[in-house]
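Here the protein sequences come in this chain order: L, W and F. Residue 1 is where the first sequence starts when you use the numbering used here, and the numbers rise one by one after that. Residue 1001 is where the second sequence starts when you use the numbering used here, and the numbers rise one by one after that. Residue 2001 is where the third sequence starts when you use the numbering used here, and the numbers rise one by one after that. In this text, a Cβ means the ideal position worked out from N, Cα and C, and glycines have one as well. None of the values given here were measured: they were computed from a predicted structure. Working notes for the structure below.
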Amino acid sequence: MNLMILELAVVVLGLGILLGDLWTAAHQKHLLGYAAAALLGVILLASFFGLEQVGSGPAYAFNNMLVLDGLAVFFKRFFLIAAILVLLMSVEFSNRIQSGISEFYCLILFALTGMMFAASANDFIMVFVALELISVTFYVLNSFQRNRLASLEAGIKYLILSALSAAFLVFGIALVFGTTTFTNFADIQRALVANPALAGNGLFLLGVLMIIVGLGFKIAAFPFQIWAPDVYQGSPTPSTAFLAVGSKAAGIVLLLRVLFVAVPAVTQHWSKLLIIISAITILYGNLCAIPQRNLKRLLGYSSISNAGYLLLGFAALSQAGKAAILYYLAGYLFTVVAAFTVICLVTRDRDSDDITVLAGLHRRSPLLAMALTMAMVSLAGIPPLAGFFGKFLLLKAVVEQGATNSAYYWLVGITVFGVVISLYYYFGVIRAIYWSKDVTDFSPITVSWPAKLSLVVCMAAILYLGLLPGKPLKLSEDSALALTTPVSGSKQLFH
Amino acid sequence: MDLAFIIIAVLTLASAVAAMSLRNLVHCALCMVMTFAGIALTFLQLNAEFVGLAQLLVYVGAVAILIVFAILLTRSEDAKKEVRFVSSSTVVGFGVVALVAVSLLAAIQHTQILPPQSVVAPHVSVKRIGEQLMTNYVLPLEVIGLLLTAAMIGAVVIAMREPDPADSVDVQQRNGSPLKLDPDSKKTAVVANE
Amino acid sequence: MKPVGLEHYLVVSGLLFCLGLWGVIVRRNLLIIYMSLELMLNAANLALVAFSRFNNKLDGQVMVFFVITVAAAEVAVGLALIVALYRKKQSAHVEDLTTMKS
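If you want it as structure tokens, here you go:
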């Protein structure tokens, strides 16, 4: 019970927001978002006191369905921080949602619950249920601006492709269950050790592949990335931000657990597949981003290329690679949230997300200009910001594996090529801020103090992760330790 | 081979093929009902009474009705637009489907460690499933409850009357009143499934 | 004649899955696409029940119960979305989802 206290608190908070809606005057409803963010902050703080006993080792609950280890705690805190920042952004966005802003907050909290369960999932049934909770809430979050056709279209595209990926996931789970007779990760791993022939069984491998398809959709890896640009562009900005950060990270944590806890024996043989997917995802995302003029669509393609960078850590198949994934995700969280918060504020009185809305931003609001510049520089991977150090760690992990397979050097080359391309379009955004010719609007943009606070926190975190990597790197290495120990080794003695 | 199995399997597959290829949307939906019912019968054959009946209730009872409602509400003219037979998506679809089908069938054929065929059919009572749901699987069950809550809120939010006055007048003129029904029908459907 | 074995159920399930996939890719009406998705989920359910029966384990059936519930919830939200799009655009075809330029 103690293991899911955080999730319970978030659910209760979500229901509380729904109830609180009844006693709040219509013009004050958007302030519930601040209340929700503040209470999530309390839950985040509580997680530092309540969960420390976990340090001794992983704890299991509910027939081993739920695991609480360093990795789970890392991701739970990650999702909480993301949700707090997204809620603050949603308050700024509330004037663009005609009705049901409290339901918007409530659904964000429910999606957060799904992500937190995903962080702890140790069983394929739990994986399915948590992923579907995330998907169903995002159908609604993406189409929340019902008066905008683009938002509805984004919701429907997400609906169809997400349901398709769910069908693959369920079929994959069925095949894995059928060939191993288990759904629990630890049991499957034990079955693989006890019966090595299983790793050559066609049905089992097909099942694992279908599960990877289902999860690859969530992180927008090639060839399951087609939904990302349209959905990112059409959805309300806070939903897009949560999709880019939360949903992607949920896919990453599940992929980490499936590949390295449930079927490590298969993953060892599939490094080539991971290398190819990673390389194509990086190239696709970066090349397609070049001609984009819509900011959210640009970030959609950028998110695809970032999925490719994250897959580098998977392809490396090493402990350093896993730690680098966690480190990179932490930097990515603050960078992307900062960028979307700025977009949300700048486009407040306009209907367009075109890159030209940024013209003269440094004179309208120096803070927003600085935050967006830092976000772009970090995404482009220029020292000394978070994005640079994250990419450095990922590439280092890949190069270390170069001795085993020369394909890793090719992968490094393609990544560097992708990063160089990305410089072009990220600097296009910066150019649009500072060097636009026909600037007509110099009216200053007022930024409320919670939004300012969230931007300052993001910028501080981007700087901190870039300049002082010691402590956070230690944290991500410790968290990744949960993925090392093959439990089967010790359990084998009992057979 | 069991004759009943062959008949049900052929009927299920044939109605699925019909549902995927017919032009008229209502015909498609009716064929789909046949497929759902055929799958429910297969579940019963496999000694899974509870799941089979749940399949009948949920898919034939609720999902199919909802789909027919949606078809009537959207009055789509499927036949008008789907005249092209060979388009790029047909080619892509054929390629992808052939790939999946071949790999699946090959995997089924070449798999050796399938369990022995002559297993004694386990007696699965509703009681045992209920016990499992309340003990080992109580956590996913709770998450599903949360999911249904979220879906209900979501369906209501999406179907809520839009505050923009000009727009709703526009829709009413074109479609008449039946659209008002759908938030309720969605709600009852979700509640019924709970 | 051979008795009905696991592989026969799996073949039926695999064929249904592929038919659903075919429908998703080739058909142009959103409602048909949605039905095809349900068909794919049903095919997966069939595989789960068959494995459950032949492995003599209950977990598959419990999973099917969850899948059916989730599918019903998805249908409620999905059809609400499709109807909402129709109210806005007077169309339920994928070709008309072109508000966003690529």
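Check	Outcome
Among L:Pro291, L:Gln189, L:Leu295, which has the Cα closest to the Cα of aspartate 354 of chain L?	L:Leu295
Output, in sequence order along the chain, the residues in the stretch 177-206 of chain L whose CB is closer than 9 Å to any CB in chain W.	Gly178, Thr179, Thr181, Asn195, Ala197, Leu198, Asn201, Gly202, Leu203, Phe204, Leu205, Leu206
Looking only at its chain, what residues have a beta carbon closer than 7 Å to the beta carbon of arginine 2087 of chain F, apart from the 5 residues adjacent to it on each side?	none
Could you check whether the stretch 222-238 of chain L touches the stretch 295-306 of chain L, counting it as contact only if at least three pairs of C-beta atoms, one from each stretch, sit closer than 8 Å?	yes
Going along chain L, which residues have a C-beta under 9 Å from asparagine 2029 of chain F?	In chain order: nothing, as chain L lies at least about 12 Å away.
Taking DSSP as the reference, what is the three-state secondary structure of tyrosine 408 of chain L?	helix
What does a CB cutoff of less than 7 Å around methionine 1035 of chain W pick up in its chain, not counting 5 residues either side in sequence?	According to the sequence as given, residue 1035 of chain W is threonine; it is not methionine. Excluding residues within five positions, the ones whose Cβ falls inside 7 Å are Thr1012, Ser1015, Ala1016, Ala1019.
Please name the residue, chosen from L:Leu112, L:Ala163, L:Leu164, that lies closest to leucine 951 of chain W on a Cα-to-Cα basis.	No answer is possible for residue 951 of chain W: it lies beyond the span of chain W, which begins at 1001 and ends at 1194.
Asparagine 1047 of chain W versus chain F: which residues are under 8 Å apart at the beta carbon?	Arg2053
Check glutamine 1173 of chain W in the structure and name its three-state DSSP category.	With a pLDDT of 41 at glutamine 1173 of chain W, under the threshold of 50, the predicted position of this residue should be treated as unreliable, though the coordinate-derived value follows. Note: glutamine 1173 of chain W maps to helix in three-state DSSP.
Reducing DSSP to helix, strand and coil, say where tyrosine 1137 of chain W ends up.	coil
Mark isoleucine 1006 of chain W as exposed unless 16 or more other C-beta atoms lie within 10 angstroms of its C-beta, in which case mark it buried.	exposed
Can you pull the DSSP bridge partners for histidine 2093 of chain F?	F:Asn2029
Checking contacts by CB at 8 Å: is serine 99 of chain L closer than that to chain F?	no
Could you name the residues that DSSP lists as bridge partners for asparagine 184 of chain L?	L:Asp123
For a contact defined as C-beta to C-beta under 9 Å, what are the partners of methionine 126 of chain L on chain W?	Leu1139, Pro1140, Val1143
For leucine 954 of chain W and alanine 163 of chain L, what's the separation of their Cα atoms in angstroms?	Nothing can be reported for residue 954 of chain W, as the shown portion of chain W is limited to 1001 through 1194.
Report the rounded CA-to-CA distance for lysine 248 of chain L versus alanine 1004 of chain W, giving the unit in angstroms.	46 Å
Counting only beta-carbon separations shorter than 8 Å, does methionine 2035 of chain F have a partner in chain W?	yes
Using a C-beta cutoff of 8 Å, does serine 1089 of chain W count as contacting chain F?	yes
Could you spell out the range, first to last residue, of the alpha helix (DSSP H) harbouring leucine 463 of chain L?	449-467
Is there a Cβ from chain L that is less than 8 Å from the Cβ of isoleucine 2082 of chain F?	yes
Does leucine 66 of chain L come out as helix, strand or coil in the three-state DSSP assignment?	strand
When the Cα of alanine 1101 of chain W is compared with those of L:Ile282, L:Leu203, L:Leu372, which residue comes out closest?	L:Leu203
Check whether the Cβ of phenylalanine 2065 of chain F lies closer than 8 Å to any Cβ atom in chain L.	no
Strictly under 8 Å for the Cβ-Cβ distance: is valine 2004 of chain F near chain L by that measure?	no
On the premise that proline 238 of chain L lies in contact with serine 90 of chain L, defined as a C-beta separation below 8 Å, what is that separation, rounded to the nearest angstrom?	4 Å
For tryptophan 410 of chain L, which residues in the same chain have their Cβ closer than 6 Å to its Cβ, ignoring the five residues on either side in sequence?	none
Give, in chain order, every residue of the stretch 102-130 of chain L whose Cβ lies closer than 9 Å to some Cβ of chain W.	Glu103, Phe104, Cys106, Leu107, Phe110, Ala111, Thr113, Gly114, Phe117, Asp123, Ile125, Met126, Phe128, Val129, Ala130
8 Å is my cut-off, CB to CB: does tyrosine 158 of chain L come that close to chain W?	no
Could you give the distance in angstroms between the alpha-carbon of isoleucine 159 of chain L and the alpha-carbon of proline 264 of chain L?	Looking at the sequence provided, one finds leucine at residue 159 of chain L rather than isoleucine. Approximately 31 Å, taken between the alpha carbons.
For isoleucine 290 of chain L, count the other beta carbons within 10 Å of its own beta carbon; 16 or more makes it buried, fewer makes it exposed. Which is it?	exposed
Note down, in chain order, every chain L residue with its Cβ under 7 Å from the Cβ of alanine 2072 of chain F.	Within chain L, no residue comes near alanine 2072 of chain F; the closest Cβ sits about 11 Å away, beyond 7 Å.
Hey, how far is the Cα of alanine 279 of chain L from the Cα of glycine 308 of chain L?	7 Å
Using C-beta distances below 7 Å, list every residue in its chain close to leucine 192 of chain L, excluding the 5 sequence neighbours before and after it, in chain order.	Leu198, Ala199, Val263, Ala265
Which bits of chain W does asparagine 63 of chain L rub up against, with CB to CB less than 7 Å?	Asn1136
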